[in-house]
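Chemist: Chains as they are written, first to last, in the numbering used here: chain C, 14 to 420; chain V, 12 to 320.
Here it is, the structure, as structure tokens.
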Amino acid sequence: MKVYLAEFWHFSKESLALVTRGSHGYMAWLALLVMMILGGAWAYSNQLSFGLVTSNMRDPVSWGFYIGNFAFLVGVAAAAVILIIPAYIYNWGPIREVALLGELLAISAIIMCMLFVTIDIGRPEMVWHMMPGVGTPNFPYSLLVWDVFVLSAYFVLNFFVATYLVFMSYTGRKYNPAFIMPIIFLSIPLAISIHTVTAFLFMGLKARPFWNEAILAPRFLASAFCSGPALLVLIFQVLRKVRPIQISDAALRKIGELLAYAMAINLFLLGCEVFKEFYSHSHHIIHAQFQWFSLEGGYGIAGYSLFALTCNVTAFVIFIVPAFRNRIPVLLCGCVLAVAGVYVEKGLGLLLPGLTPDVIGEVYRYTPSLNELMVGAGIWGVGLLSFTFMAKISIAITLGEFGYRRT
Amino acid sequence: MKNPERDEQLDAKGASRRKFLRTTAAGVGAAAGVPAAAEAFDFETFFQKNFRSMSDEEIDELTDRLARKYEKKYGKPFDVQATGPVDNVVFGYGLDISRCIGCRRCVDACVQENNQSRDPEIQWIRVLEFERERVVRGFELEDGNPYYDHEQAPAEGMVYLPIACQHCEDSPCTNVCPTGATWEEPDGIVVIDYDWCIGCRYCMAACPYGARHFNWAEPNIPADEVNTNIHPLGNRPRGRGVVEKCSFCIQRVRDGRYPACHEACPVGARKFGNLLDPNSEISYLLKNKRTFVLKAELNTRPKFFYFYG
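Rendered as structure tokens:
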């Protein structure tokens, strides 16, 4: 045990040294992220001094940009790990790499999720009120308590698996599949559960007919299967450009094929939703009208909704036609479109029509404030920075540049 | 509460108290000046328990602490009473839509009584204005307008529907609260522990009636206007970053008085009383009038009833 601790201490120290060194491009990337984080910290200090009035959220639209990002990122966290299933079934070369990078992305996404929820809270210093033992969590009634529990469990599990895999190869040991594979497979149902619970958080609200639909959870999962793997393809592409790691074109094409199915289901479910709203034409249609036509007299999100739809449909065409999908640059364009489309559709595209008009009919046309955007950018900076560090360490170990010879 | 003599007494008491407040407040307010905007970190408040898990002694400590805190902030003495529920009482509200003239005096009275922030403005009661033609098909709250601004109300061809917390029996807001900071009291009042709320606003997404309001910025009440008769679960001044709402004037009704909006209504459209007392005015209304509740299809079972007189 003592040997492990000593080695782990050494590993932590060396890792820190490793991530602070790199090429000019790497340092410029770090500088950009640090600037985003500093800007976010400044904006958040504004929010702490003046209150959430620094955002553009108000009583009619009481959740906005922050919770929208949260919903999107839970999907990324879930889907990155789910990619382990096809990686395993199709036996893509070194499954460990795919699984590991998926886990690292999941960890970073969960960190961002936790941050986005925390900064959305009016009194973050009181968040211990919902912790078991010291507080009075409203369990099992409040889905927010469920969400915090499953997200924390998911974070701990992925963090453990990733650290274990990385640390073992750092010390030149072979990881024990009998020990770690069951844990990796446990993280798959947990990945589905974090996203289902997050969908339930919205779905359970009978006050909001736009969310109070059974289709919301399957749609969440379908869109997550689009955004998560698409983001991973982009990350793989960047990583294999900057480092000599082995990720084959075939693996990317396989993910492209998977994306075609996911996007097909996502678009089908969207079609079901649109049909139900516009054909039945009940009073609740007003939310769908806001989503697609902005309602009369003023700015709305119709432009964004159409943008997201265009992105998703184009991405679908790229993924489904083998001639497009098999050309890597085209595939990458499809992935960018899928990520952008789902980000809009599932971020503010989900939040705003649910809340506008509000329950007593008030139409408050929300757009995030500059301060909100800066806080959000800061959190993305934290997430990207943590992913960069973790990926750098694990890739350096894989390439055999970074390791520890046991005596 | 249906006894007319008692009603008169209540009114006289309320009126004299208002006068008293006005005279004392003018002097002290001038001396106290503007209250401090932000409060310093308070160790005791930070580690305070959820109101529901407090012992009687701890509640006494809380009321003392609140009295000290507000006295310091507003420069005048506060009377903090954590009066508990009375057995065999469940409060209910009735509102006669055919009488309401949309004057919004209830809104003003509520703001004064319940220490709602003047800047930024928070109003627990919203009065929605509807075109009469549309209401013939029923009240769809989406059609209402809370921002009407006529010289005189009621305006021609318009009807009015005041709306605040409906004190639901099956309240979505209390179900979703992650910290258990809001709950239904034994006398049916849905309350918030303003020291326990973390400000996540999940309850605002869950409330079908828009009853809940968030303190987006530091609330402001001029010292000469603050109501010093307060209840910890009701009209105590709130802080930034918490959600607040109507408590049926818990500080008054548990004391045998009517809510402020009830007293302020010039046309007698508002009725209030004990649902468990078969002889109360509210029970009479439920037995003899055609009442309805808002968004009945959601099955929240409000204790706020609307009726046509």
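Note that beta-carbon positions come from the ideal geometry of N, C-alpha and C, so glycine has one too.
#1: Determine which residues of the region 90-122 of chain V have a Cβ less than 9 angstroms from any Cβ of chain C, and write them out in chain order.
#2: Tell me, please, whether the region 295-305 of chain C touches the region 352-361 of chain C by the rule of three or more beta-carbon pairs shorter than 8 angstroms.
#3: Does chain C have any CB closer than 8 angstroms to the CB of Ile241 (chain V)?
#4: Helix, strand or coil for His178 (chain V) per DSSP?
#5: Which of the residues in the region 135-149 of chain C, read from start to end, lie with their CB under 8 angstroms from any CB of chain V?
#6: Determine the contact status of Ile133 (chain V) and Ile373 (chain C), defining contact as a CB-CB distance below 8 angstroms.
#7: CB-CB under 6 angstroms to Thr411 (chain C), same chain, minus the five flanking residues each way: which ones, in chain order?
#8: Taking DSSP as the reference, what is the three-state secondary structure of Met144 (chain C)?
#9: Among the residues of its own chain, which have a CB less than 7 angstroms from the CB of Ala390 (chain C), if the five just before and after it don't count?
#10: Which word fits Met144 (chain C), buried or exposed, when buried means at least 16 other C-beta atoms lie within 10 angstroms of its C-beta?
#11: Going by DSSP, which residues form a beta bridge with Thr302 (chain V)?
#12: How big is the Cα-Cα spacing for Cys126 (chain C) and Phe83 (chain C)?
#13: Can you tell me which of V:Arg137, V:Leu286 and V:Gly267 puts its alpha carbon nearest to the alpha carbon of Gly95 (chain V)?
#14: Identify each residue in the region 169-187 of chain V for which the Cβ-Cβ distance to at least one residue of chain C is less than 7 angstroms, and report them in chain order.
#15: Taking the alpha carbon of Ala44 (chain C) as the point to measure from, which residue in C:Ile408, C:Met403, C:Ser407 and C:Leu397 has its own alpha carbon closest?
#16: Which residue wins for smallest C-alpha separation from Ala273 (chain C), given the options C:Ser200, C:Asp262 and C:Cys348?
#17: Taking the alpha helix (DSSP H) that Trp194 (chain V) belongs to, which residues open and close that run?
#18: When the Cα atoms are used, what is the spatial distance from Phe215 (chain C) to Phe129 (chain C)?
#19: Give me the Cβ distance between Gly252 (chain V) and Asn290 (chain V), rounded to the nearest whole Å; I'm assuming they're in contact under 8 angstroms.
#20: Are there three or more Cβ pairs, one per stretch, closer than 8 angstroms when the region 319-337 of chain C is compared with the region 263-272 of chain C?
#21: Is it right to say Thr33 (chain C) is buried, meaning 16 or more other beta carbons lie within 10 angstroms of its own, or is it exposed?
#22: Out of C:Lys219, C:Ser236 and C:Lys289, state which residue places its alpha-carbon closest to the alpha-carbon of Thr311 (chain V).
#23: Heavy atom of the ligand NAP less than 7 angstroms from the Cβ of Val66 (chain C), yes or no?
#24: Between the region 171-185 of chain C and the region 173-191 of chain V, are three or more C-beta pairs nearer than 8 angstroms?
#25: Where do the N-terminal and C-terminal ends of the beta strand (DSSP E) with Glu140 (chain V) fall, by residue?
#26: Are Arg115 (chain V) and Gly320 (chain V) close, meaning C-beta to C-beta below 8 angstroms?
#27: Report yes or no: do the region 136-147 of chain V and the region 78-87 of chain V share at least 3 C-beta pairs separated by less than 8 angstroms?
#28: Taking its Cβ as the centre, do 16 or more other Cβ atoms sit within 10 Å of Gln163 (chain V), making it buried, or is it exposed?
#29: Would you mind stating whether Val174 (chain C) and Glu226 (chain C) have Cβ atoms separated by less than 8 angstroms?
#30: Under three-state DSSP, which class holds Phe283 (chain V)?
#31: Report the three-state DSSP secondary structure of Leu218 (chain C) (helix, strand or coil).
#32: Nearest to Tyr158 (chain V) by alpha carbon, out of C:Ala91, C:Tyr377, C:Ser236 and C:Ser28?
#33: Need the endpoints of the beta strand (DSSP E) that Tyr104 (chain V) sits in, please.
#34: Starting from the N-terminal side, write out each stretch of the alpha helix (DSSP H) that is 4 residues or longer and does not extend beyond the region 38-107 of chain C.
#35: Tell me which residues of the region 188-213 of chain V have at least one Cβ-Cβ distance to chain C shorter than 8 angstroms, keeping chain order.
#36: Quick one: residues in its chain with C-beta nearer than 6 angstroms to the C-beta of Cys257 (chain V), no 5 flanking neighbours on either side, listed in chain order?
Modeler: Taking the structure as given:
#1: none
#2: no
#3: Translated into the one-based positions of the second sequence, residue 241 (chain V) becomes position 230. Output row for Ile241 (chain V): interface = no.
#4: Position 167 of the second sequence, counted from the start, is the residue given in the question as residue 178 (chain V). Coil.
#5: Gly135, Arg136, Pro137, Glu138, Met139, Val140, His142, Met143, Gly148 and Thr149
#6: The sequence position of residue 133 (chain V) within the second sequence is 122, counting from 1. The sequence position of residue 373 (chain C) within the first sequence is 360, counting from 1. The answer is no: Cβ separation not under 8 angstroms.
#7: Taking the first sequence and counting its residues from 1, one reaches residue 411 (chain C) at position 398. Contacts found: none.
#8: Looking up residue 144 (chain C) in the first sequence gives position 131. Of the three classes helix, strand and coil, the one that applies to Met144 (chain C) here is coil, per DSSP.
#9: As a working note, residue 390 (chain C) is residue 377 in the first sequence. Here the set comprises Met49, Gly52 and Gly53.
#10: The residue given as residue 144 (chain C) occupies position 131 in the first sequence. Exposed.
#11: For this step, residue 302 (chain V) is matched to residue 291 along the second sequence. Partner(s): V:Phe318.
#12: In the first sequence, the residue the question calls residue 126 (chain C) occupies position 113. In the first sequence, the residue the question calls residue 83 (chain C) occupies position 70. C-alpha separation (whole angstroms): 5 angstroms.
#13: The residue labelled residue 95 (chain V) in the question sits at position 84 within the second sequence. Comparing Cα positions, the closest option is V:Gly267.
#14: Ile174, Pro183, Asn186 and Val187
#15: Indexing the first sequence from 1 puts residue 44 (chain C) at position 31. If we check each option's Cα against that of Ala44 (chain C), C:Leu397 comes out closest.
#16: One-based indexing of the first sequence puts residue 273 (chain C) at position 260. Each of C:Ser200, C:Asp262 and C:Cys348 was checked against the Cα of Ala273 (chain C), and the nearest Cα belongs to C:Cys348.
#17: Here residue 194 (chain V) refers to the residue found at position 183 of the second sequence. Looking at the DSSP string, Trp194 (chain V) is not in any alpha helix (DSSP H); the run it does join, the beta strand (DSSP E), is Thr193 to Glu195.
#18: Within the first sequence, residue 215 (chain C) is the residue found at index 202, counting from 1. Within the first sequence, residue 129 (chain C) is the residue found at index 116, counting from 1. About 16 angstroms.
#19: Looking up residue 252 (chain V) in the second sequence gives position 241. Looking up residue 290 (chain V) in the second sequence gives position 279. So it is not a contact: roughly 44 angstroms between Cβ atoms.
#20: yes
#21: Walking along the first sequence from the start, residue 33 (chain C) turns up at place 20. Counting Cβ neighbours within 10 Å, Thr33 (chain C) comes out exposed, since fewer than 16 surround it.
#22: Working through the second sequence from its first residue, we reach residue 311 (chain V) at position 300. Checked all of C:Lys219, C:Ser236 and C:Lys289; the closest Cα to Thr311 (chain V) is C:Lys219.
#23: Only the bare structure without any ligand can be found here, which leaves the ligand NAP out of the picture.
#24: no
#25: By one-based count along the second sequence, residue 140 (chain V) stands at place 129. The continuous beta strand (DSSP E) containing Glu140 (chain V) extends over residues Arg137 to Glu142.
#26: Here residue 115 (chain V) refers to the residue found at position 104 when the second sequence is read from its first residue. Here residue 320 (chain V) refers to the residue found at position 309 when the second sequence is read from its first residue. Against a cut-off of 8 angstroms, the Cβ pair of Gly320 (chain V) and Arg115 (chain V) comes out as no contact.
#27: no
#28: Taking the first residue of the second sequence as 1, we reach residue 163 (chain V) at position 152. By the 10 Å Cβ count, Gln163 (chain V) comes out exposed.
#29: Taking the first sequence and counting its residues from 1, the one referred to as residue 174 (chain C) is at position 161. Taking the first sequence and counting its residues from 1, the one referred to as residue 226 (chain C) is at position 213. No.
#30: Along the second sequence, one-based indexing puts residue 283 (chain V) at 272. It is a strand residue.
#31: Taking the first sequence and counting its residues from 1, one reaches residue 218 (chain C) at position 205. In the structure shown, Leu218 (chain C) sits in coil (DSSP, three-state: anything other than H, G, I, E or B).
#32: Within the second sequence, residue 158 (chain V) is the residue found at index 147, counting from 1. Of the listed residues, the one whose Cα sits closest to Tyr158 (chain V) is C:Tyr377.
#33: The residue labelled residue 104 (chain V) in the question sits at position 93 within the second sequence. Counting along the chain, the beta strand (DSSP E) containing Tyr104 (chain V) begins and ends at Phe102 to Asp107.
#34: Complete alpha helix (DSSP H) runs here, min 4: 78-95 and 97-102.
#35: Cys188, Pro189, Thr190, Gly191, Ala192, Trp207, Cys208, Ile209, Gly210, Cys211, Arg212 and Tyr213
#36: Here the question's residue 257 (chain V) lines up with position 246 in the second sequence. Cβ neighbours of Cys257 (chain V) beyond the five flanking positions: Trp135, Ala175 and Cys176.
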